[in-house]
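Asks: There's a structure below that I have some questions on.
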Amino acid sequence: MKVPASELIRAFVSEYRQLVGETRAMLDGVMQSGDAPCRLDAGAFSLLGRLAHTLRDNGLFLGFPRLAAIARVLVDLLRVGDAAKTETVLTPAQAQLLVKGCNLADQIVESVETQQREPSMEMELAGFSQAARALGFSWEVEPFSRASGGYREASPDMSDAEKVERLLAEEPAPASPEPASSVEGASPPSAAADMTSIFAQDAEEILDQAEQDLLHLEAEPARLNNLLRQFHTLKGNSGLMGYSQMQTISHRLEDVLHHARDRQTSLGPDSVRLFLKAVDVLRRCVVSLRKGGDPAVPDYEGWLQRVDAWVGSSPVETPPHPAVVEETMPAQSVSAEPPSAADTNKAAVLVKPAAQVGDGIRINVERLDQLNDLASELIAATAVVMHLSECRRGVDSEQYERACHQLDLITSWLQKLSMSMRMVPMELAFRRLHRLVRDLSEKTGKPIELQLVGAETEADRRVIELIGDPLIHLVRNAVDHGIESPEERRRLAKPETGTIRIEAFQRSSEVWIVISDDGRGLRRSKIIEQGRARGLVKANSPLRDEQILDLIFEPGFSTAEAVTEVSGRGVGLDVVRKNVERLRGRVEVQSVEGFSTTMTLRIPLTLSVINSMMVRVGTEQFALPVETIRELLRPSPADVHRMANRGSVISVRGETIPLFRLADLFTIGGAVERVDEGIIVVIEDGERRAALLVDETIGQQRVVVKSLRESLGRITGVSGASVLADGRVRLILDVPGVIRIAQERAR
Amino acid sequence: MAIVETNVPASQKRTGKHLVFRLAGEEYGFPILKIQEIVQWLELTRVPRVPDFILGVMNLRGKVVPVIDLHVRFGLPPAPVTPRTCVIVLQVQRETGLLVSGVVADDVMEVVDVPVEQIESPPEFGARVSTEFIAGIVQIENRVILLLNAEKVLDSRDWTFVEKVLEEKDQAHE
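Chains as they are written, first to last, in the numbering used here: chain A, 1 to 747; chain B, 1 to 174.
Okay, structure coming up:
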């Protein structure tokens, strides 16, 4: 997969805009300092530094030499200061050059965004270069192979490598090994705390991206260039923040990549493994940083030696003996023993437990503008309504109605927009799975192909956050217990490589995530046996297939021995279901014994607003999500049949559906008794249906869902509450839960 | 047996201000710093399948807040709703965040300043309320006030257990 040039440019422009947004005010301040020396605090200084580095690196990488040249001057200029100082003082001439450079860069980026290429701007550039030289900075626009500029295909030609070499040569020498460790301890970086958190978030993103590049490197060697860029950026950022150990490690890793690129080869599998470990180590630094600790590299000296040994030997053609990798990673327990189930659990430790979406979120500027527009429209519309209500007399109702309608319209736009801002792609939850499967596959000795489909599917960021753990659980189960060993698969005439497929897509107002494997499937007989042993199934009570499979989600099935006995599934499946239910979603399982298991997670697209039907039972009212209602009926008593000891059923066009009074399920008094007195709501949850007798339906309404979980815990049959126009609280029914209660009654 | 409240701010330890309210004819107190507000009794929305001491949920300016009946929680005789009945809204810190809940009071009396040294530990038995809810006892003139532990009173950790029991009851029911 090659990322199209326009995509890279777009990403760069967006990154640039974000940085510039933060530096703009500062630059204005710089300009106002006039002839006085200009003072920059540490936060401002490192922000500017990052901006300059980003411009320079991207200018080189994307092939915009003028931009790179300007940025190089800025980088040099900012070298007068140092991130560890609390304040950096620029002379008026330096400050002017800084502002000029930033303005020029801004113009170039503008034209890059619209025309995908640099403007020539001979005059302006001449002025800038003169000013730069006057202050003793070198000015050089790199000749560029294709005059038109624009994005260059990553090619292994030498001039390219040379350029990268320059780029590296320019960097301040990485902290020499001897003072490195003391630097970290002695002078804590003085940059503001929010800089640290920006750095940490960036570093996490960089490392995530690097991991992805590493995992796909074999199939797409061109990703080497991305990797080079990731580590280069990380090196630059760490350097600016004064984290010399991270900087040095990144720098050395970059060297290894550079080396590989010089030879026009890629990394071997062992090198990839080393890099993945390095990514983990660097991640650990970031974690420690986030916790307010020191970003010191664990076993720093060891890592330096390891990486140096790597550079020294030829990493590509003759990878060092694999044993080197094994024994140099004592902390990570890469064992040479035959893989066991226990090992696979350890493997998962390497993967962050949850998909971290980060505290911040990148929002398209256009959407923010829309938000602003809507907010001002809302104020205007509210003013109209207020005005009308003040001069109540003389206002005709049509006028008032129109104003209210307008208000309603804007409010619902606003809500839609704010919701769309919360949407993030599924990719963030999928990110860790490649690594997970790779690690698990290595530890269990089962070759596995992971297919991810629909990573671009969007869902609420809370969904993405909460779905990370269940996904990891399910994938781990599939590898651990679903997929057979290669020998067994051969015997069964299955392809030796197992397949796990994860597909995400939207269906009506839900996101579906379907996880399937072609392993051994679920053995019903064992599940029933376990269910009986745990008292979950009454002896001799006939169970439908879905009820049997549903048992694996019972907490009783999550113990280790059940896992192995019940052909597999089980590790924390009750937890998976709980997490999904927290999102008002549900899990369904299907399995063909001996061939496959499919788990389907269905989660509502948005969590906060639902379309609902209000129903009344006695004096109480409830909201039923509209998508769970199949139909409303006014049946004749002749359609209702009493079953001996098993409640009633109602036949609807030949189909027999169990019938319940909602009043019975929730013990409500004063509700209608007979079917012909009330109305019947047929609700459905997948294949399961139930007919509920209520007194009346009141109408459809959009309601804002408020969770009761924090204050009241999980309540079967109730998914939340909402405050309606009359000020009263109404409960929102959880249809799968209601059906479960009903089924328990009928049992 | 002294119950040590670990997360009480020092300022409260010094002043010991408590809101005194009446429940089934007896007087109780909550630390004033745990109290968010006092609202008039209003009609609640009943919630099915929760423990019976949860009277329901109310609308507190757009927020949905559960209301607890301490008569039931403490096993006291029920009291009718009168014009003096009100809801004391408490907030306590939990791992998951701030928990806001209301408790019903038959009448709210006053705020008293309880000198810390006058607070006695609750008797191990014989008190009209289970000692787990009591932070201490104080005597002011001829009144005996039971000071309650807001965290314990609102603690819902055992409620999930209740939920389980209800489910089992449902199954046994048929």
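Where a beta carbon is used, it is the ideal one built from N, C-alpha and C, also for glycine. These figures come from a predicted structure and were not determined experimentally.
Nearest chain B C-beta to residue 711/A closer than 7 Å, yes or no?
Replies: yes
Asks: Is there a Cβ of chain B sitting closer than 7 Å to that of residue 663/A, yes or no?
Replies: no
Asks: Does the beta-carbon of residue 223/A have 16 or more other beta-carbons within 10 angstroms, so that it is buried, or is it exposed?
Replies: Around the Cβ of residue 223/A, a 10 Å sphere holds 16 or more other Cβ atoms; the residue is buried.
Asks: Go through its chain and collect everything with a Cβ distance to residue 118/A's Cβ below 6 Å, but skip five positions before and after it.
Replies: 64, 66, 108, 149
Asks: For residue 391/A, name the three-state secondary structure that DSSP assigns.
Replies: coil
Asks: Assuming residue 517/A contacts residue 612/A under a Cβ cut-off of 8 Å, what Cβ separation, rounded to an integer in Å, is found between them?
Replies: Contact flag wrong, Cβ pair sits at about 37 Å.
Asks: Which residues in the same chain have their Cβ closer than 8 Å to the Cβ of residue 57/B, if we skip the five residues on either side of it in sequence?
Replies: 44, 45, 47, 64, 65, 66, 67
Asks: Please list, in chain order, all residues of the same chain as residue 642/A whose beta carbon is under 6 Å from its beta carbon, the five residues on each side excluded.
Replies: 648
Asks: For a contact defined as C-beta to C-beta under 9 Å, what are the partners of residue 66/B on chain A?
Replies: The contacting residues are 708, 711, 712.
Asks: Using a Cβ-Cβ cut-off of 7 Å (strictly less than) and excluding sequence neighbours within five positions of residue 284/A, which residues of its own chain qualify?
Replies: 298
Asks: Where does residue 590/A sit, in a helix, a strand or coil, going by DSSP?
Replies: strand
Asks: Taking only runs of the alpha helix (DSSP H) that begin and end inside the region 271–308 of chain A, which ones reach a length of at least 4 residues, in chain order?
Replies: none
Asks: Could you check which residue in 242/A, 246/A, 250/A has the C-alpha nearest to that of residue 227/A?
Replies: That would be 250/A, whose Cα lies nearest to the Cα of residue 227/A.
Asks: Relative to the alpha-carbon of residue 486/A, which residue among 453/A, 90/A, 501/A, 448/A has its alpha-carbon at the smallest distance?
Replies: 448/A
Asks: Between the Cα of residue 100/A and the Cα atoms of 207/A, 28/A, 464/A, which residue gives the shortest distance?
Replies: It is 28/A whose Cα lies nearest to the Cα of residue 100/A.
Asks: Is the distance from the Cβ of residue 78/A to the Cβ of residue 49/A below 7 Å?
Replies: yes
Asks: Any beta carbon from chain B within less than 7 Å of residue 727/A's own beta carbon?
Replies: True, the Cβ-Cβ gap to chain B drops below 7 Å.
Asks: Taking residue 91/A as the reference, give the member of 30/A, 698/A, 470/A, 583/A with the closest Cα.
Replies: When the alpha-carbon of residue 91/A is set against those of 30/A, 698/A, 470/A, 583/A, the nearest one is in 30/A.
Asks: Report yes or no: do the region 210–217 of chain A and the region 433–440 of chain A share at least 3 C-beta pairs separated by less than 8 Å?
Replies: When C-beta atoms of the region 210–217 of chain A are compared with those of the region 433–440 of chain A, three or more pairs fall below 8 Å, so the two segments count as touching.
Asks: Indicate whether at least one CB of chain B lies closer than 7 Å to the CB of residue 721/A.
Replies: yes
Asks: For residue 286/A, I'd like the list of residues in its chain whose CB is within less than 8 Å of its CB, leaving aside the five on either flank, ordered along the chain.
Replies: 200, 203, 204, 207, 295
Asks: So, is the C-beta of residue 666/A closer than 7 Å to a C-beta in chain B?
Replies: yes
Asks: Determine the direct distance from the alpha carbon of residue 577/A to that of residue 741/A, and round the result to whole angstroms.
Replies: 17 Å
Asks: Using a 10 Å radius around the Cβ and a threshold of 16 neighbouring Cβ atoms, would you call residue 86/B buried or exposed?
Replies: buried
Asks: Contact between the region 31–41 of chain B and the region 96–111 of chain B is defined here as three or more beta-carbon pairs at a separation below 8 Å; is this criterion met?
Replies: yes
Asks: Rounded to whole angstroms, what's the CA-CA distance from residue 691/A to residue 22/B? Just pull it up for me.
Replies: 46 Å
Asks: Would you tell me roughly how many angstroms separate the C-alpha atoms of residue 481/A and residue 532/A, rounded to the nearest one?
Replies: 22 Å
Asks: Which stretch, first to last residue, makes up the alpha helix (DSSP H) that contains residue 739/A?
Replies: Segment 735–746, the alpha helix (DSSP H) holding residue 739/A.
Asks: By Cβ distance, which residues of its chain are closer than 6 Å to residue 55/B, with the 5 residues on each side in sequence left out?
Replies: 44, 67, 69
Asks: Would DSSP call residue 52/B helix, strand or coil?
Replies: In this structure, residue 52/B counts as coil in the three-state DSSP scheme.
Asks: Measure the alpha-carbon distance for residue 542/A versus residue 526/A and round it to whole angstroms.
Replies: Here the C-alpha atom of residue 542/A lies approximately 15 Å from the C-alpha atom of residue 526/A.
Asks: Quick one: what's got a C-beta closer than 7 Å to residue 151/B's C-beta in the same chain, skipping five residues either side?
Replies: Sequence-distant partners of residue 151/B (beyond 5 residues in either direction) whose C-beta falls short of 7 Å from its own C-beta, in its chain, are 92.
Asks: Against chain A, which members of the region 26–51 of chain B pass a CB distance test of less than 7 Å?
Replies: Listed by position, the residues of the region 26–51 of chain B near chain A (Cβ gap below 7 Å) are 45, 46, 47, 48, 49, 50.
Asks: What in chain A is Cβ-close to residue 102/B, meaning under 8 Å?
Replies: Residues of chain A passing the Cβ test: none, with the nearest at roughly 10 Å.
Asks: To the nearest angstrom, how far is the alpha carbon of residue 146/A from that of residue 257/A?
Replies: Summary for residue 146/A: the model assigns pLDDT 36, below 50, so the residue's position carries little reliability; its value from the coordinates is reported in the next sentence. Rounded to whole angstroms, residue 146/A to residue 257/A spans 25 Å at the Cα level.
Asks: Looking only at its chain, what residues have a beta carbon closer than 7 Å to the beta carbon of residue 131/A, apart from the 5 residues adjacent to it on each side?
Replies: 97, 100
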